[in-house]
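Engineer: Below you'll find the structure I mean.
Residue numbers (the numbering used here): 1 to 80.
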């Protein structure tokens with residue numbers, strides 16, 4: 001599962017808004033905001049399902065981002 005920081009970085013790298021990614025992923029803007037928020041994702045009162053995180057990650061990948069495996073220095077994203 002992609003981290004909040006990875007999802008946020010990927011969206012910024014693409015130059016896309018949360019609204020655009022929400023539409024591409026078929027989720028609400030609130031869900032994208034929560035998925036990108038470390039605080040919200042760790043709060044049981046504001047859960048984001050693994051399925052919705054996967055949908056957001058898939059939308060980001062379809063838009064041109066590649067999530068890189070962790071290499072010991074943290075996760076990374078790149079744009080094709």
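Even for Gly, the Cβ is constructed at its ideal location relative to N, Cα and C.
Bridge partners of residue 52, per DSSP?
Structural biologist: DSSP lists no partner for residue 52.
Engineer: Using 10 angstroms around the beta-carbon of residue 6, count the other beta-carbons present and answer buried if the total reaches 16, otherwise exposed.
Structural biologist: Flag for residue 6 reads buried.
Engineer: State the start and end residues of the unbroken alpha helix (DSSP H) segment that holds residue 30.
Structural biologist: Start and end: 29-36.
Engineer: Does DSSP put residue 59 in a helix, a strand or coil?
Structural biologist: Residue state, collapsed to three classes: helix.
Engineer: To the nearest angstrom, how far is the alpha carbon of residue 41 from that of residue 62?
Structural biologist: Distance between the alpha carbons of residue 41 and residue 62: 23 Å.
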